[in-house]
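>
2 protein chains.
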Amino acid sequence: MNTAQAQLGGVLAAGGPELTRLLERTERRLSEVAAAGGPELGGHATATLSAGGKRLRPILVFLCANGDSDDRLVAAAVAVELLHMATLVHDDVLDGAALRRGRPTVFAEGGRLAATATGDLLFSRAFAELAAAGSEDAVRALSAASSALARGELMQRADAWSPDVTPERYVERCRLKTASLFDASCRLGAVFGGRPALATPLGRFGERIGLAFQMLDDVLDVVGPAERTGKPRGADLLDGTVTLPLILARRHDEVLLDLDPPLDAERAAELCHRIAATGALDKARDQALTHVAEAKRSLDDLDLPEPRRRALDLVGDGVVARYA
Amino acid sequence: MNTAQAQLGGVLAAGGPELTRLLERTERRLSEVAAAGGPELGGHATATLSAGGKRLRPILVFLCANGDSDDRLVAAAVAVELLHMATLVHDDVLDGAALRRGRPTVFAEGGRLAATATGDLLFSRAFAELAAAGSEDAVRALSAASSALARGELMQRADAWSPDVTPERYVERCRLKTASLFDASCRLGAVFGGRPALATPLGRFGERIGLAFQMLDDVLDVVGPAERTGKPRGADLLDGTVTLPLILARRHDEVLLDLDPPLDAERAAELCHRIAATGALDKARDQALTHVAEAKRSLDDLDLPEPRRRALDLVGDGVVARYA
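If you read the sequences in order, they're chains P and V. According to the working numbering, the stretch in the first sequence is residues 1 to 324, in order. According to the working numbering, the stretch in the second sequence is residues 1001 to 1324, in order.
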């Protein structure tokens, strides 16, 4: 068990047996939904879902609720996870990725068409699932997150290889492509979980956690090693994706301003060293930790039972632990 | 004005000024939704929507309603058209298509990422729009159609270049990739338009019209010419897509059983001649016409006001007129 998994175990302990039960129901429902996609598509969708993942977004849904079990909460948890999986499947198509979490991607196994269709299917099912919860606001929240994810992906590609990406633009991109779904997860949990008055502050908590999650992911990409991240060190550089460590390092090392495709793995590793040498990794990590600290502090103002508060704190710690 | 446009004019006349007003509202809302996608994505989405199209699915929504104006009907019409556009944008990515309706595709203008993200955005917006109508059943109906479209696309690709595709499997594919959204359009119109008891029979009407639409599209692909279809003659053959004319012609010409990629345009044109020589085009067209005739006849059993009945008949005739 690695540090992040241990931390997740802490979250589960703090969330109590009800959280575990809700997550089990979520897994079962995810399997049912994937299997309903017909023989070809269902196989791909099932493989995608069973490849696992931390189910961080469903956990946020449940932890932002008041602890009572409710079918609508499970529907919301399933919906946010399906939407997350849909974007991963489409991202793998765009990146031509062969592996994710150590398993072949749908793109690698079934090709571009199967992967695009699988992503579309997962999108459709996400909305159908949430519709069953019978809340127009909820479907709108998911749709807003879904649009944000698409816009974030596009922004990332528009900024590829650019020497001019500002930290502010980078943060906006993280907000769109990652934090928006964390935000929606928390909001849905609050709305369906008997805490509608806390939807906005809990959404903001989720957004900050999501920002930190993406920032630390981007730091890890430069730090490596591949055994730990599941992708080659400097994968973002190879891809032209301009992340915070590179943006900050460029202020101190002009060589980093002038990157052009194609890079090879050796050159990418060398650039990772140069980025690290400027101290940019610590600065980027500090920004992420600040977001986590502020997210946790923001919970002080909310009227949450102590075990719930502790579990949400542990989610924040878990995001940081992935880095440690 | 070509025959199909003239026929559509007949539909609009039969639908009365209220239909025209509803379609105008639909256009305005489609523009608003596209523009809300942010600068990069909004541009692509707006270009896609303003490239036009027959708006056949919105017309079906309105004609299956009782004629009273209702915001939910416009929401449903916008949703089905957005879903249709989303699949076209993704199809163009998969086909590497440069042109659609004589204009550059999003894929050609913005590349694979922009087009995939634009499709995802249009998907998201479709569900958001329908959610605003506040009906769980409606979102489920759209989701079912959306899943069917994805499954149909996958089935088409799985059957590519296959010598074994049966007419039954072909019809099932048409049902999934085309007729399901016609079906959903009619159902949504009936449900939101004060005719919930007619949702199933009107959905079945839409399904038959959709089947005929796809079948005639596939016949036209073999007939050509490019000036009329907007794509090279035999585009399906070049793509490996096995359609009804080819399936039927294979019973009479063994050369057609053994197709392998890549084909060039000259060979595709020659194969189109061989298919036509077997009489398969007439047989395929007859099957489509039978579906239209049965669709129209099925309306006899429904209690519809005469102008509505006439307008729905004209939609069926319009689908046939594309072929004439």
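Every residue, glycine too, gets a C-beta built ideally from N, C-alpha and C.
Does chain V have any CB closer than 8 Å to the CB of Ser50(P)?
Cβ-Cβ to chain V under 8 Å: no for Ser50(P).
> Within the 8 Å Cβ cut-off, does Ala1128(V) reach chain P?
yes
> Is the beta carbon of Ser1143(V) closer than 8 Å to that of Phe127(P)?
yes
> When you compare only the Cα positions, how much space is there between Asp1313(V) and Gly1206(V)?
Looking at the two C-alpha atoms, the distance is approximately 11 Å.
> Below 8 Å between beta carbons: does that hold for Ile247(P) and Val171(P)?
no
> Would you tell me roughly how many angstroms separate the C-alpha atoms of Val139(P) and Pro104(P), rounded to the nearest one?
32 Å
> Taking only three categories from DSSP, how would you classify Met1001(V)?
With a pLDDT of only 43 at Met1001(V), under 50, the local geometry of the prediction cannot be trusted, and no value is derived from it.
> Out of Leu257(P), His252(P) and Asp286(P), point me to the one whose CA is closest to Ala277(P)'s CA.
His252(P)
> Against chain P, does Phe1062(V) count as a neighbour if the rule is that its beta carbon must be under 8 Å from one of theirs?
Not closer than 8 Å to any Cβ of chain P, the Cβ of Phe1062(V) fails to qualify, so no.
> Chain V partners of Ala132(P), CB-CB under 9 Å?
Glu1136, Val1139 and Arg1140
> Buried or exposed for Ala34(P), please, with buried defined as at least 16 other CB atoms from any protein chain shown within 10 angstroms of its CB.
buried
> Could you compute how far the alpha carbon of Val1319(V) sits from the alpha carbon of Ala1212(V)?
7 Å
> Please compile the residues from chain V whose C-beta is within a distance smaller than 9 Å of the C-beta of Asp120(P).
Residues of chain V passing the Cβ test: Ala1086, Thr1087, His1090, Gly1119, Asp1120, Phe1123, Ser1146, Ser1147, Leu1149, Ala1150 and Glu1153.
> List the endpoints of the continuous alpha helix (DSSP H) containing Glu254(P).
Where Glu254(P) is concerned, there is no enclosing alpha helix (DSSP H), given that its DSSP letter is neither H nor E.
> If I measure Cβ to Cβ from Pro1163(V) and keep anything under 6 Å in the same chain, skipping five residues before and after, which residues do I get?
Leu1257
> So is His983(V) buried or exposed if we call it buried at 16+ other beta carbons inside 10 Å?
Coverage of chain V is limited to positions 1001 through 1324, which leaves residue 983(V) absent and any answer about it impossible.
> With distances taken Cα to Cα, identify the nearest neighbour of Leu83(P) among Ser180(P), Asp217(P) and Arg285(P).
Ser180(P)
> Give every residue of the same chain whose Cβ lies closer than 7 Å to the Cβ of Pro225(P), excluding the five residues on either side of it in the sequence, and list them in chain order.
Only Arg233 meet the Cβ criterion.
> Mind checking which residues open and close the alpha helix (DSSP H) that includes Tyr323(P)?
Unbroken run through Tyr323(P): none, as it is neither H nor E.
> Tell me the rounded alpha-carbon separation between Leu202(P) and Pro1017(V).
48 Å
> Where in the region 277–313 of chain P do unbroken runs of the beta strand (DSSP E), each at least 3 residues long, occur, reported from the N-terminal end onward?
none
> Any contact between the region 145–160 of chain P and the region 71–91 of chain P? By contact I mean 3 or more CB pairs, one from each, below 8 Å.
With a cut-off of 8 Å, the region 71–91 of chain P and the region 145–160 of chain P count as touching, because enough Cβ pairs lie within range.
> Measuring straight from C-alpha to C-alpha, what distance separates Met1001(V) and Phe107(P)?
Model confidence at Met1001(V) stands at a pLDDT of 43, short of 50, so the residue's coordinates are unreliable and nothing is read from them.
> Excluding the 5 residues preceding and the 5 following Arg1310(V) in the sequence, name in chain order all residues of the same chain whose CB lies nearer than 6 Å to its CB.
Ala1014
> Can you give the Cα-Cα distance for His44(P) and Asp303(P), rounded to whole angstroms?
43 Å
> Report yes if the C-beta distance between Thr48(P) and His90(P) is below 8 Å; otherwise report no.
No, Cβ-Cβ distance for Thr48(P) and His90(P) is not below 8 Å.
> Would you kindly work out how many angstroms separate the C-alpha atoms of Ile1275(V) and Ala1295(V), rounded to a whole number?
28 Å
> Excluding the 5 residues flanking Arg1112(V) on each side, which residues of the same chain have their C-beta closer than 8 Å to its C-beta?
Val1093
> Looking at the structure shown, is Pro58(P) part of a helix, part of a strand, or coil, going by DSSP?
Residue state, collapsed to three classes: helix.
> Can you give the Cα-Cα distance for Glu306(P) and Ala75(P), rounded to whole angstroms?
26 Å
> Please check if any C-beta of chain V sits within less than 8 Å of the C-beta of Met1(P).
Its pLDDT being 43, under 50, Met1(P) is placed unreliably in this model, and the value from its coordinates should be taken loosely. Not closer than 8 Å to any Cβ of chain V, the Cβ of Met1(P) fails to qualify, so no.
> Name the chain P residues that come within less than 8 Å of Ser1143(V), Cβ to Cβ?
Ser124, Arg125, Phe127, Ala128 and Ala131
> In chain V, what lies closer than 8 Å to Leu94(P) by C-beta?
Residues of chain V with a Cβ closer than 8 Å to the Cβ of Leu94(P) are, in chain order, Arg1112, Leu1113 and Thr1116.
> Mind checking if Arg101(P) is an interface residue toward chain V, Cβ cutoff 8 Å exclusive?
Taking a beta-carbon distance threshold of 8 Å, Arg101(P) does not count as an interface residue toward chain V.
> Among Arg1204(V), Gly1189(V) and Leu1281(V), which residue has its Cα nearest to the Cα of Asp1217(V)?
Leu1281(V)
> Name, please, each residue of chain P whose Cβ falls closer than 7 Å to the Cβ of Arg1173(V).
Those do not exist, as Arg1173(V) stays about 12 Å from chain P at its closest Cβ, beyond 7 Å.
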